[in-house]
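Chains as they are written, first to last, in our numbering: chain A, 1 to 197; chain B, 1001 to 1197.
Glycine included, every Cβ here is placed at the ideal spot set by N, Cα and C.
All values derive from a computational prediction rather than experimental measurement.
Step one of this worksheet: look at the structure below.
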DNA sequence: CTTATAATATTATGACTATCATATTTTCAA
DNA sequence: TTGAAAATATGATAGTCATAATATTATAAG
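Right, dumping it as structure tokens:
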């Protein structure tokens, strides 16, 4: 071979990185081949040397979103005592910073609505991500001695995802902040995670 | 005038009805002028006799979504005793029927993700819809004698919206149903709405 | 330094889109 | 029944998109 052995692989990763950001900003259907390639410092010509089709590309980009940085926070949870881990995660997930992060951030709220409109491959990536997050949270709830962890985790995840989406849709910053604060405190209250007394 | 005095108004309504359905099915950016006009039994030519631009059209269609049928359920809530109203609404919102309703159904979960990408006019319609639903639920929570209704309503709304979205994203029917059941029962439990004992 | 080839760029094509100018149809009033 | 105007249709234009064929560049091996 003439180029570096992983030259193409690095380019591919760069393109997928940009795609993941663009999907968060514009949604999976509005990202264009030429746009993403350009953001990655390339022209659109080489696209089909990397991906079979745009559909395939979007599915790969979505899988990529679940591998990247946003999962780091989740992995860190595993090493912490359950109470601390849950408090940390709720505070992170419902933080203004996470709400405003338009290029990283958990894929779940970004993609939920479009998942039924995407390919089977994209759906599978999404489902895996949901299962993973569900399992980690449920494990910590169980470790805390909560008997109905399996029931509770559905409700907790729904509130996390719904709150981030509604906070992003609220243009009034103060109201958006208030929504996050309220959901944070309600979540901790109903999971008996309050730090005081 | 030569045509019936409200001929144009009826056509306009028909077009907006179809647009509202199409937005739920495909998202606000993927609905096309020609497609919606065709669904309404017209050709694309007359479009600009009804709307100034596509952006304006989408904003009007979104406003229309909040006026139509899906709000009926909400209005019915107002006439019921608070406990019954809340139980009814939760059971409706988190029903498989509402999850599967791809042409009617509450606009909140359908639009949340796209709202930051739409015009100011569209955002304002959405915000009004959120406020309205928030107020009605909060009023019923207060009527039930719950002191922290303003805090709770944010959490409840987030869970309702998030649960519907996640249920729609879950391709496994049994798992999707289970998610809805769990959120229904968790919501009623934490709001002390359980019917038994 | 040369050459082969992998990686990327240039350019082209056809499908689709919003928009608009113009033509045609519809139907009330006379 | 006819004329006029309102409502809608036909057809065109310019732009964008995914896709692909071909050309060019970059670089590791000889």
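- For the set A/32, A/112, A/77, A/15, the Cα lying nearest the Cα of residue 165 of chain A is the one of A/112.
- Around the beta carbon of residue 1131 of chain B, a 10 Å sphere encloses fewer than 16 other beta carbons of the protein chains shown; the residue is thus reported as exposed.
- Listed along chain A is no residue with a C-beta nearer than 9 Å to that of residue 1121 of chain B; the closest approach is about 12 Å.
- DSSP, read as helix, strand or coil, puts residue 1176 of chain B in helix.
- In this chain, the alpha helix (DSSP H) harbouring residue 131 of chain A covers 120 to 143.
- Contact annotation: in the region 1171 to 1195 of chain B, residues whose CB is within less than 8 Å of a CB in chain A are 1171, 1172, 1178, 1179, 1182, 1183, 1185, 1186, 1187, 1190.
- Taken atom to atom, the span from the alpha-carbon of residue 46 of chain A to that of residue 120 of chain A is near 25 Å.
- In the three-state scheme derived from DSSP, where H, G and I count as helix and E and B as strand, residue 1011 of chain B is classed as helix.
- The C-beta distance from residue 39 of chain A to residue 55 of chain A rounds to 20 Å, too long to meet the 8 Å contact threshold.
- Assigned with DSSP and collapsed to three states, residue 1052 of chain B falls in coil, not helix or strand.
- Its Cα nearest to that of residue 71 of chain A, the residue A/136 stands out among A/136, A/151, A/190.
- For residue 1045 of chain B, the three-state secondary structure derived from DSSP is helix.
- Against chain B, the CB of residue 112 of chain A has a partner CB under 8 Å away; the residue lies at that interface.
- Residues of chain B with a Cβ closer than 8 Å to the Cβ of residue 29 of chain A are, in chain order, 1027, 1029, 1030.
- For residue 1093 of chain B, no chain A residue has a C-beta closer than 7 Å to its own C-beta; the minimum C-beta separation is roughly 11 Å.
- Here residue 1099 of chain B carries a helix assignment [DSSP, helix/strand/coil].
- Within chain A, the residues whose beta carbon sits less than 8 Å from that of residue 1115 of chain B are 168, 169, listed in sequence order.
- In the three-state reduction of the DSSP assignment, residue 1104 of chain B falls in the coil class, being assigned neither a helical nor a strand state.
- Taken atom to atom, the span from the alpha-carbon of residue 1181 of chain B to that of residue 51 of chain A is near 40 Å.
- Residue state for residue 29 of chain A is assigned as coil, using DSSP reduced to three classes.
- Annotated as proximal: residue 28 of chain A and residue 114 of chain A, with beta-carbon spacing under 8 Å.
- Distance from the Cα of residue 191 of chain A is smallest, within the candidate group A/142, A/162, A/169, A/179, for A/142.
- Chain-ordered listing is empty here: chain A has no CB closer than 8 Å to the CB of residue 1065 of chain B, the nearest sitting near 14 Å.
- Against chain B, the CB of residue 154 of chain A has a partner CB under 8 Å away; the residue lies at that interface.
- Residue 1192 of chain B carries a coil assignment under DSSP once its states are collapsed to helix, strand and coil.
- A Cβ-Cβ separation of about 7 Å places residue 1073 of chain B in contact with residue 1089 of chain B under the 8 Å criterion.
- Contact with chain A is absent for residue 1033 of chain B, since none of that chain's Cβ atoms lies less than 8 Å from the residue's Cβ.
- Cβ atoms of residue 1102 of chain B and residue 1025 of chain B come within 8 Å of each other, at about 6 Å.
- In the DSSP assignment, residue 166 of chain A falls within the alpha helix (DSSP H) that extends over 149 to 169.
- CA-CA distance, residue 107 of chain A to residue 1006 of chain B, rounds to 46 Å.
- Here residue 129 of chain A is buried, its C-beta having at least 16 other C-beta atoms within 10 Å.
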